[in-house]
Amino acid sequence: MLPDVQLLKPEIPVRINRVGVKGVKKLVEVDVGKDRPIILISTFDIFIDLPPDLKGANLSRNLEAIYTTLEKATEKPVKGIEDLCVSLAEEVLKKHEYAEIAEVTMNAELIVRKRTPVTKLRTDEVVNISCEVFMNKEGKRRVFIGVEVVGATACPCAQELMRAKLIEEFGDVVKSIPLPTHNQRGKATIKVEVKDRPVRLEELIEIAKASMSCETYELLKREDEVEVVKRMHENPKFVEDCVRAMAKEIVEKFRDLPDDTLIYLRQENEESIHPHNVVAELFSTLGDLKKSLGV
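Below, the structure is given as structure tokens:
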């Protein structure tokens with residue numbers, strides 16, 4: 003009989019918090035209520051904890067859990083990526099009877115179709131979607147879904163400096179004109195804990211888009227480009243403004259979720275006139291956000 007080295011006692015008996023596999027790619031079908039399911043090329047990271055009396059984790063069992071669960075899932079499309087990731091976490095804990103905690107993360111790119119603002123040309127947008135599951139042996143779990151959306155912002159500070167300068171030179175006629183400023187391409191990230199009811203990714207995508215000065219488009223005709231630039235400069239925002247706008251919309255759309263629901267919001271902008279990026283983050287419960295906004 004071949005030896006199972008992982009089951010030996012380690013020379014240094016210290017508990018390991020996270021050990022696992024990362025970057026496992028699989029196709030996932032998701033039923034979105036249309037004629038055909040969405041096909042996602044997904045990447046999975048799976049971790050467990052390891053007690054101090056075991057030399058190593060049998061990581062092939064993580065891969066076995068992925069393939070076993072996904073084989074079941076491919077019999078028919080899954081209803082939500084959170085259901086799939088919960089099933090994976092449960093399967094991993096069954097395979098690793100010595101583990102107390104399982105952690106599963108799924109990342110995928112979702113293609114969203116939309117139209118340009120003026121010519122209504124159809125174009126595609128890539129949105130990063132994610133799901134994270136943390137589960138213990140007793141079945142207690144925390145589940146999060148998230149999106150990362152690319153957009154554009156215009157700097158309000160530089161715009162007001164330009165306004166003051168141009169008023170000096172040309173008078174009050176420039177007060178109502180969208181004035182030039184420097185721009186950024188930004189990434190809005192939203193993660194929401196899933197509890198009593200599903201949280202639709204489409205809702206999170208729309209909130210992320212609306213938080214920035216303007217959407218970005220893969221393809222633009224000249225009329226569309228004029229409109230995008232106009233919208234961006236009529237709606238200048240700091241990274242902090244973007245995060246606060248997301249917080250406000252989260253409270254309005256998901257006020258029926260429990261107050262202890264965890265919310266994570268992040269905006270990162272790639273500066274155009276500086277060699278660095280700027281970042282703003284917010285981590286809160288839904289209840290605390292409601293109090294802050296007087297809801």
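Last residue of the sequence shown: 297 (my numbering), numbering continuous.
Even glycine gets a Cβ: it sits at the ideal position worked out from N, Cα and C.
In terms of CA proximity to E31, V80 leads the group V80, V16, N60.
When only Cα atoms are considered, E227 and F49 end up about 45 Å apart. Under the three-state reduction of DSSP, C87 is assigned to helix. Rounded to the nearest angstrom, the Cβ distance from T191 to E150 is 5 Å, consistent with a contact under 8 Å.
Annotation for V32: the continuous beta strand (DSSP E) segment containing it runs 18-32. Looking at E77, D174, I83, the one whose alpha-carbon comes closest to that of V196 is I83.
The shortest CA-to-CA distance from L163 to any of V152, L203, V88, V176 is the one to V176.
Collapsing the DSSP output to three states places G289 in a helix. For D243, no beta strand (DSSP E) run applies; the uninterrupted alpha helix (DSSP H) run containing it begins and ends at 241-255, by DSSP. In the DSSP annotation of this structure, the continuous segment of the beta strand (DSSP E) that includes E134 starts and ends at 124-138.
Boundaries of the beta strand (DSSP E) around M108: 103-117.
In this structure, DSSP gives K167 a helical state, which the three-state scheme calls helix. Here Y219 is buried. Its C-beta has 16 or more other C-beta atoms within 10 Å. In the three-state reduction of the DSSP assignment, N271 falls in the strand class. C-alpha of D290 to C-alpha of L267: approximately 14 Å in a straight line. Within the same chain, S215 come within 6 Å of N237 by CB-CB distance, once the 5 residues on both sides are set aside.
Burial state of D51 is buried, judged by a 10 Å Cβ sphere holding 16 or more other Cβ atoms. Short of 6 Å from the beta carbon of P119, and not among the five residues preceding or following it, lie these beta carbons of its own chain, in chain order: D226, E229.
In the DSSP assignment, Q186 forms a beta bridge with T155.
Contact between the stretch 122-137 and the stretch 91-101 is established, with three or more Cβ pairs separated by less than 8 Å.
Per DSSP, S44 is one residue of the beta strand (DSSP E) stretching across 40-52. Measuring C-alpha to C-alpha distances from E102 to each of K142, I209, I131, R117 identifies K142 as the nearest. About 6 Å separates the beta carbon of I40 from that of V34, a gap short enough to meet the 8 Å contact definition. Around the beta carbon of K189, 16 or more other beta carbons lie within 10 angstroms, which makes this residue buried. Just measuring C-alpha positions, the residue of K293, D55, K167 sitting nearest I14 is D55.
With a cutoff of 8 Å on beta-carbon distance, V23 and N64 are scored as near each other.
With a cutoff of 8 Å on beta-carbon distance, T45 and K57 are scored as not near each other.
Residue environment for H276: exposed (fewer than 16 other C-beta atoms within 10 angstroms of its C-beta).
Here DSSP, grouped into helix, strand and coil, assigns Y69 to helix.
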